[in-house]
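S.K.: Structure in structure tokens, see below.
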Amino acid sequence: AQLVVLAFQVSWSENIERLLSDKIKIDLQSALQQIESTLGILADLVLADQPTVRRRKLEHLIIEHVHKRDVTRALIDKKVDSATNFEWLAQMRLYFEPKNQNVLEQLKIRMANAEFHYGFEYLGLQDRLVQTPLTDRCFLTMTQALHAKFGGSPFGPAGTGKTESVKALGNALGRFVLVFNCDEDLLEMIGNSNNLLRLQKHFKKMFAGVHALIINENDQTLIDGIQSKEGEEVKFFNPISIKQYPNINDWLTRVEKEISLTLAKLLAQSIPQLLTIQRNLTDKQAFIDWLDQYQAQLVVLAFQVSWSENIERLLSDKIKVDLQSALQQIESTLGILADLVL
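The sequence shown begins at 682 in our numbering and counts up one residue at a time.
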């Protein structure tokens, strides 16, 4: 789901930016129609009988598409006609640069004048925060603070979503978010640092979204991957042996790096496949196969990348800015997703 959402976010960002960069005709209506069509597809899909993991991916995509639909409508209502307009720059935009030799730096996130490399922290299939204009404003403020290397803190009554908003921002940036908590099991975790089976029940406390390790059946000191609470798995490209890292800090750091590297490589695979599928949205089975192949986090990332690149490509067109085409593509995708969910 992570890659699916990322791919859509990239697609939306590039599509809108391409449309806004067209000096002859800026047609954001096409981008809106694409999103609404995709939402229709997603709505149909989510109402259908679906496996648990695929259903969660569809839910993540629907939440992301609804947010992008609202943002696109706001851009149209405010008559945004340039890729340099602050209303557009203030949005969280994802850009995928496959020519970058460093796979961990291929995905960039921009918001106003802040720019970050996506962190590729594995997020699992956790619940996704519904974004509102207030959430967007919080993200804008926090990203500016991060960019300036300042601290930041949302303010408000208890239970209004301050912590969840910051965690959601960390998820959007693919970064590890640490919420401090005094855990009474800390000593047991440290005392069994080289016993993976004993650590299994505590591992969910070490990484957000990670519920358990995938331990090699033949060698119980070998970590083959990670698993979320919902059962979504990430198989490492390079399994990790804790025999080589007797210190718990060393092998946990190695696990963290391998998670990021594995997700980055999978994202690089998922985006070209998504772009191919988006050219022929009538092939629902190809879309389903793609959904099942990648993690929910990457599914979302791939969509974000695809959308961002598509919008920017449309906005950069000097002859005709046709955001309506981007909207139609999103709406078509939503229609497919809706069918699958149903």
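For each residue, glycine too, the CB sits at the ideal point set by N, CA and C.
Mind checking whether residue 803 and residue 788 have CB atoms under 8 angstroms apart?
M.R.: no
S.K.: For residue 738, collect the residues of the same chain with a Cβ closer than 6 angstroms to its Cβ; drop the 5 residues on either side in sequence, then sort them by chain order.
M.R.: Result list for residue 738: 682, 685, 972, 977, 980, in chain order.
S.K.: In three-state DSSP terms, what is residue 965?
M.R.: helix
S.K.: Need the endpoints of the alpha helix (DSSP H) that residue 823 sits in, please.
M.R.: 814 to 828
S.K.: For the 8 angstroms Cβ check, are there 3 or more pairs between the segment 774 to 781 and the segment 690 to 701?
M.R.: Three or more Cβ pairs closer than 8 angstroms define a contact, and the segment 774 to 781 meets that threshold against the segment 690 to 701.
S.K.: Buried or exposed for residue 1022, going by 16 or more other Cβ atoms inside 10 Å?
M.R.: buried
S.K.: DSSP on residue 682, reduced to helix/strand/coil?
M.R.: Residue 682 falls in the coil class under three-state DSSP.
S.K.: Within its chain, find whatever has a CB closer than 6 angstroms to the CB of residue 910; leave out the 5 residues flanking it on each side and keep chain order.
M.R.: Counting only Cβ-Cβ distances below 6 angstroms, and skipping sequence neighbours, we find 892.
S.K.: Sorted by chain position, which residues of the same chain lie with C-beta nearer than 6 angstroms to residue 764's C-beta, five sequence neighbours on each side aside?
M.R.: 698, 701, 702, 996
S.K.: Would you call the CB atoms of residue 833 and residue 841 closer than 8 angstroms?
M.R.: no
S.K.: Could you check if residue 724 is buried or exposed, using at least 16 other CB atoms within 10 Å of its CB as the buried criterion?
M.R.: buried
S.K.: For the segment 717 to 784, which segments carrying the alpha helix (DSSP H) assignment without a break, of at least 4 residues, lie completely within its bounds, in sequence order?
M.R.: 733 to 758, 767 to 770
S.K.: My understanding is that residue 757 touches residue 710, with C-beta atoms under 8 angstroms, so please give their C-beta distance in whole angstroms.
M.R.: 6 angstroms
S.K.: For the alpha helix (DSSP H) containing residue 919, name the first residue and the last one.
M.R.: No alpha helix (DSSP H) holds residue 919; the beta strand (DSSP E) holding it covers 914 to 922.
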